[in-house]
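Numbered according to the UniProt record's numbering, the sequence shown spans residues 1 to 268.
Where is the CB? At the ideal position from N, CA and C, for every residue including glycine.
Just so you know, these numbers come straight off a predicted model, no measurement behind them.
The block underneath contains the structure these notes are about, expressed in structure tokens.
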Amino acid sequence: MRKTEGIVELEGMAKSLATCTYEHNTLWGIEKGVRYSCPLEDVITGLQIQCRGWRSVYYNPEKKGFLGMAPISLGQILVQHKRWTEGFLQISLSKYSPFLLGHRKVRLGLQMGYSVCGFWALNSFPTLYYVTIPSLCFLNGISLFPEMTSPWFVPFAYIIMAAYSCSLESLQCGDTAVEWWNAQRMWLFRRISSYLLAAIDTIRRMLGTSESGFALTAKVTDMQASERYKGMMEFGLRILLLDVCDHCNCRIAQPGMHGVRSGKSFVT
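Take a look at the structure:
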């Protein structure tokens with residue numbers, strides 16, 4: 001009988017732990033515990049801990065303490081980033097915003113650092129403009145950017161060089177040139193799919209027409225999947241917006257290459 005009661009008691013404790021209320025009304029849950037009010041509870045928890053005076057220290061031991069399997073398919077990557085981006089934007093637009101919660105508690109630089117990720121979703125709108133409008137203008141012979149001989153070309157060149165120079169930091173962290181280039185391509189895929197959908201869902205949630213969802217991604221993988229991909233990205237997933245942007249840019253490549261071969265001068 002005691003053994004049965006022990007099993008029932010253990011099962012009840014396990015259920016309490018799984019419901020995310022295990023720390024409720026405890027000193028750990030109130031003062032130092034994880035906050036479960038949004039999909040990115042670790043971000044809110046870290047910010048609140050720093051607001052109480054804790055300071056971050058960069059620590060990168062040779063032996064990794066926590067290892068997990070990153071998504072290896074395009075669909076899983078986009079789902080994961082959509083969840084992250086939506087959670088970041090919810091934090092930035094709530095009372096847990098780094099500029100509100102961290103006011104006079106953490107440095108302005110740290111608040112801005114949080115906001116870089118916090119407003120990922122809003123980057124989707126200028127990126128969507130960037131991959132569509134210049135192509136349409138080029139196709140119709142409309143000059144959108146200044147010529148290289150114009151002084152106004154300098155700001156455009158500076159922004160492009162600055163953006164790519166910042167991303168080159170990954171090479172210092174051990175990435176190869178191919179991995180860096182793949183990251184630049186994924187940057188575009190994420191911004192016109194995951195980030196855009198995250199912004200739309202957040203707006204719908206604020207208007208009360210939708211509720212937050214939580215899409216799971218695989219944290220482990222089997223040997224069959226590893227053998228199938230072998231470090232390669234599979235593009236079997238069809239995304240309408242990606243297809244439209246790809247078709248639009250491929251469409252303008254033909255007259256552009258023809259103009260280069262024929263020596264025709266044109267402006268964009």
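Close beta carbons around residue i, own chain, < 8 Å, minus the five adjacent residues each side
i	result
Phe156	Phe145, Pro146
Leu89	Gly118, Phe119, Trp120, Ala121, Leu122, Ala198, Ala199, Thr202
Met206	Leu93
Which of helix, strand or coil DSSP assigns to residue i
i	result
Glu211	coil
Val106	coil
Val116	helix
Asp243	helix
Lys82	helix
Lys95	coil
Arg205	helix
Ile192	coil
Tyr58	coil
Met186	helix
Asp175	coil
Length of the line joining the Cα atoms of residue i and residue j
i	j	result
Thr268	Ile200	Residue confidence is low: Thr268 scores 46 on pLDDT, short of 50, so the model does not pin down where it sits. No coordinate-derived value is stated.
Leu242	Ile192	7 Å
Gln184	Val8	53 Å
Gly6	Gly12	10 Å
Gly208	Ser94	15 Å
Ala163	Glu169	11 Å
His247	Tyr59	45 Å
Tyr114	Gln254	42 Å
Thr45	Pro61	23 Å
Thr127	Trp187	10 Å
Trp152	Ile159	12 Å
Asn140	Tyr129	16 Å
Thr149	Pro71	45 Å
Gly109	Tyr96	17 Å
Val79	Arg55	32 Å
Ala177	Leu47	34 Å
Glu211	Glu179	36 Å
Leu10	Ser165	55 Å
Ile91	Ala14	30 Å
Proximity test, residue i beta-carbon vs the ligand ZN heavy atom, cut-off 7 Å
i	result
Met206	Annotation note on the ligand ZN: not contained in the displayed structure, which lists no ligands.
Cβ shell of residue i (< 7 Å), same chain only, five flanking positions each side left out
i	result
Ser124	Arg191, Ile192, Tyr195, Leu196, Ala199
Thr132	Cys245, Cys248
Close Cβ partners of residue i (< 6 Å) along its chain, the five nearest in sequence each way excluded
i	result
Gln50	Val106
Any C-beta of chain C under 8 Å from that of residue i
i	result
Phe156	Checking the listed chains, one finds no chain C in this structure; it contains a single protein chain.
Do the segment 167-174 and the segment 97-107 touch if we need at least three Cβ pairs shorter than 8 Å? At 8 Å Cβ cutoff, the stretches do not touch.
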